[in-house]
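Here is the structure we will look at, set down as structure tokens.
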Amino acid sequence: MTATARDLPEWDEPPPEAPAEPAPAPPGPPSLHRTDPDLARRRRLERAFHRLCQAMVGLVLLALAVLLLTILVQGLPHLDRQFLTSFPSRFVAKAGVKAALFGTLWLMMLTAALAILLGVAAAVYLEEYARPGRLNAAIEVNIANLAGVPSIVYGMLGLALFVRGLGCGRSLVAGGLTLGILVLPMVIIASREALRAVPSSLRQAAYALGATRWQAVRCHVLPTALPGIATSVILALSRAIGETAPLVMMGALTYVAFVPHRLTDAFTALPIQVFNWASRPQREFHALAASGIIVLLVVLLSMNGLAIGLRNRAERRVRW
Amino acid sequence: MRTSALPALALAAVLAGCQTKPPEPAAQPAPPAAPSNLSGKIAIDGSSTVYPITEAVAEEFGKTNPGVQVTAGISGTGGGFKKFSAGETDLSDASRPIKSKEAEACKAKGIEYIELPVAFDGLSVMVNPQNTFCESLTVAELNKIWEPGSKVNNWKDVRAGFPDQPLKLYGPGTDSGTFDYFTDAVNGKEGACRSDFTASEDDNVLVTGIAGDPNALGFFGYAYFAENQGKLKLVAIDPGDGKPVKPSDETISSGTYKPLSRPIFLYVKTASAARPEVDAFVRFYLQNAPALVKQVGYTPLPQAAYDLAIQRYVAKKTGSIFSGGSQIGVKIEDLLAKE
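Order-wise, the sequence lines are chains A and B.
Start counting the first sequence at 10; every next residue gets the next number (this note's numbering).
Start counting the second sequence at 256; every next residue gets the next number (this note's numbering).
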């Protein structure tokens with residue numbers, strides 16, 4: 010007590026010195042003079058950085074525009090009803106993508122089903138139920154690693170496990186499972202991020218009202234995380250639709266002159282057809298490959314459009 | 256927040272399903288005029304080099320046999336034989352003869368096969384059109400360039416008199432039958448080759464590379480030269496007798512372009528050949544090969560060779576006439592007739 014009482018005057022001492030300190034600083038106008046060139050330099054830097062970012066965006070857009078333009082110029086002339094309703098042919102004028110288009114649509118349906126069911130369930134388990142521990146950490150590291158495995162390795166897995174092991178043959182179901190497994194790690198990781206972004210106060214509020222974990226997840230956490238989960242599924246499917254290597258590896262075909270009707274039917278897919286045409290010696294086939302790419306892009310865009318529409322609807326429903 | 260997520264997810268799945276369900280019902284077997292009543296499935300896989308021929312045959316065959324579902328893949332000669340020896344395919348496209356290892360794998364599974372040559376593919380050696388000095392190369396010179404560990408990186412080291420210019424090499428990827436055959440013919444051993452060259456599985460990449468590099472030298476299938484004549488210059492090949500020959504449909508077919516012209520094959524599983532639809536398909540293949548092979552840019556075999564191949568098929572002669580690898584520079588008719 011006495012010490013603080015004695016300290017007080019010392020405490021008070023600095024204030025009288027304080028006004029002395031600003032005094033050595035130069036008066037108003039000179040100080041402005043000193044900071045002005047600095048400010049100009051910073052502004053220049055700011056502008057330069059802005060320009061740089063703009064230029065980078067421009068470069069990316071330019072590359073994309075050139076790519077799209079080349080594809081459109083090459084591919085549009087062949088793109089007609091006949092192209093969409095014909096099977097592969099050695100004559101450029103008669104060749105089409107019917108079998109490949111339906112193959113790709115089937116594959117996407119199967120991949121989406123697998124990715125949504127397994128991926129989201131796994132993410133919910135890991136994020137909401139699993140207790141942190143060594144096992145959980147090991148699972149986490151493994152999933153992150155799986156996301157970086159080259160896609161052709163998944164093709165080998167598909168060949169060994171689904172085509173031969175489970176006896177699915179070179180069928181749609183084997184292809185769908187292969188692609189589904191391929192995108193699963195991406196879906197799990199991104200869905201977990203979405204679940205983690207849901208504030209824990211939401212869960213706690215639910216528990217406080219007596220909700221079980223399942224009720225909290227079903228009614229509150231999942232609906233809130235849905236837009237994020239939908240984005241992860243969109244990204245995963247966008248990757249799966251362009252994959253060629255794992256499909257060729259697992260034994261997807263190139264010449265298929267029928268539309269697959271059952272899950273056990275053989276199939277081909279758009280990227281395989283594009284790859285085949287692009288590697289032919291005849292230049293006319295290269296143009297056909299461009300037409301195939303346009304069809305692939307349209308399928309991809311409409312698929313994404315649908316998913317984004319669904320996501321936006323879900324987003325509107327989330328009210329705080 | 257009242258809405259549960261599950262209906263939304265289910266809706267997403269259902270909508271995705273609606274969007275992707277094939278709207279056209281089973282309109283598949285629409286019988287054209289005079290269809291056969293054959294039905295069944297024929298599974299083909301293998302070399303992407305042979306694929307265009309198989310595609311053409313399957314397309315024509317499908318017109319008169321709408322009940323038969325022919326499917327073909329492009330997993331490569333080696334990949335095709337893996338599926339063939341596992342009993343998964345009926346026919347296998349191959350851009351080289353079956354290897355003894357692959358033959359053993361077939362034997363282990365009790366799979367017998369008939370080997371049928373269907374066309375020629377002339378491997379062509381190319382340079383850039385700006386290259387005015389290299390008109391021909393001997394097999395020995397090619398060997399000097401391409402042998403394993405070769406240090407030839409300048410044109411002047413290829414032949415005395417060639418200018419002092421760097422040499423840039425282009426070739427197909429090491430998984431291709433084309434690479435196997437070239438290395439066998441030039442270096443004496445399949446797969447033995449220097450590794451420091453620009454390799455691509457897509458021959459169109461090689462075309463672009465050689466067309467844009469005045470110092471380039473590369474090789475790939477003749478069909479790719481035929482489609483890019485203005486951009487590339489053919490090099491005549493001297494097998495060692497001092498008479499260089501350029502590849503063309505005539506020289507490849509007659510066997511005077513050697514040793515780089517190779518036959519490409521169809522392997523038929525004997526057990527599958529007993530099925531009427533497969534039998535009809537193979538006969539159709541051999542009968543129509545001369546016309547169809549030309550249409551897709553390859554060189555047909557001499558008619559005599561097709562006749563011998565049909566005889567071989569009808570007699571169900573199993574096994575390979577190339578036991579132990581490609582026979583370099585031997586006429587295919589002679590080989591077939593020898594049996």
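Every residue, glycine too, gets a C-beta built ideally from N, C-alpha and C.
Coil, strand or helix - residue i by DSSP
i                      : result
residue 100 of chain A : coil
residue 265 of chain A : strand
residue 523 of chain B : strand
residue 89 of chain A  : coil
residue 276 of chain A : coil
residue 444 of chain B : coil
residue 300 of chain B : strand
residue 422 of chain B : coil
residue 546 of chain B : helix
residue 236 of chain A : helix
residue 437 of chain B : helix
residue 539 of chain B : helix
residue 574 of chain B : strand
residue 409 of chain B : strand
residue 396 of chain A : Outside the modelled stretch of chain A, which goes from 10 to 329, sits residue 396 of chain A, for which no answer is possible.
Cβ of residue i within 8 Å of any chain A Cβ
i                      : result
residue 353 of chain B : no
residue 432 of chain B : no
residue 335 of chain B : no
residue 338 of chain B : yes
residue 326 of chain B : yes
residue 463 of chain B : no
residue 277 of chain B : For residue 277 of chain B, the predicted model reports a pLDDT of 41, less than 50, meaning its position is unreliable; a value from the coordinates is still stated below. So yes, residue 277 of chain B belongs to the interface.
residue 559 of chain B : no
residue 380 of chain B : no
residue 329 of chain B : yes
residue 307 of chain B : yes
residue 385 of chain B : no
residue 534 of chain B : no
Short CB-CB distance (under 8 Å) between residue i and chain B
i                      : result
residue 264 of chain A : yes
residue 241 of chain A : no
residue 267 of chain A : yes
residue 83 of chain A  : no
residue 291 of chain A : yes
residue 140 of chain A : no
residue 237 of chain A : no
residue 285 of chain A : yes
residue 99 of chain A  : yes
Cβ-based burial, residue i [other Cβ within 10 Å; buried from 16]
i                      : result
residue 229 of chain A : buried
residue 591 of chain B : buried
residue 450 of chain B : exposed
residue 355 of chain B : exposed
residue 117 of chain A : buried
residue 233 of chain A : buried
residue 363 of chain B : exposed
residue 59 of chain A  : exposed
residue 90 of chain A  : exposed
residue 2 of chain A   : An answer regarding residue 2 of chain A cannot be provided, because it is not within the stretch 10 to 329 covered by chain A.
residue 571 of chain B : exposed
Close beta carbons around residue i, own chain, < 8 Å, minus the five adjacent residues each side
i                      : result
residue 294 of chain B : 322, 323, 532
residue 292 of chain B : 322
residue 397 of chain B : 380, 441, 492
residue 534 of chain B : 528
residue 295 of chain A : 83, 286, 287, 289
residue 568 of chain B : 369, 371, 523, 528, 537, 538, 541
Heavy atom of the ligand ADP within 7 Å of residue i beta-carbon
i                     : result
residue 50 of chain A : Summarising the ligand content, the structure contains no ligands, and the ligand ADP is consequently not present.
Close beta carbons around residue i, own chain, < 7 Å, minus the five adjacent residues each side
i                      : result
residue 156 of chain A : 194, 195, 198
residue 587 of chain B : 372, 518, 556, 560
residue 355 of chain A : Nothing can be reported for residue 355 of chain A, as the shown portion of chain A is limited to 10 through 329.
residue 172 of chain A : 178, 179, 183, 259, 260
residue 110 of chain A : 93, 279, 304
residue 457 of chain B : none
Own chain, CB closer than 6 Å to residue i, minus 5 neighbours either side, in chain order
i                      : result
residue 338 of chain B : 300, 344
residue 145 of chain A : 139
residue 262 of chain A : 275, 277
residue 477 of chain B : 377, 379, 502
residue 325 of chain B : 297, 313
* Asked: What runs of the alpha helix (DSSP H), each 4 residues or longer, lie entirely inside the segment 324-393 of chain B?
  -> Taken in chain order, the complete alpha helix (DSSP H) segments of 4 residues or longer contained in the segment 324-393 of chain B are 331-340, 355-363.
* At which residue ranges does the segment 449-521 of chain B contain complete alpha helix (DSSP H) runs of 4 or more residues, listed in the order of the chain? -> 458-466, 477-481, 504-509
* Which parts of the segment 147-211 of chain A are runs of the alpha helix (DSSP H), unbroken and 4 residues or longer, counting only runs that do not cross its ends? -> 160-166, 181-205
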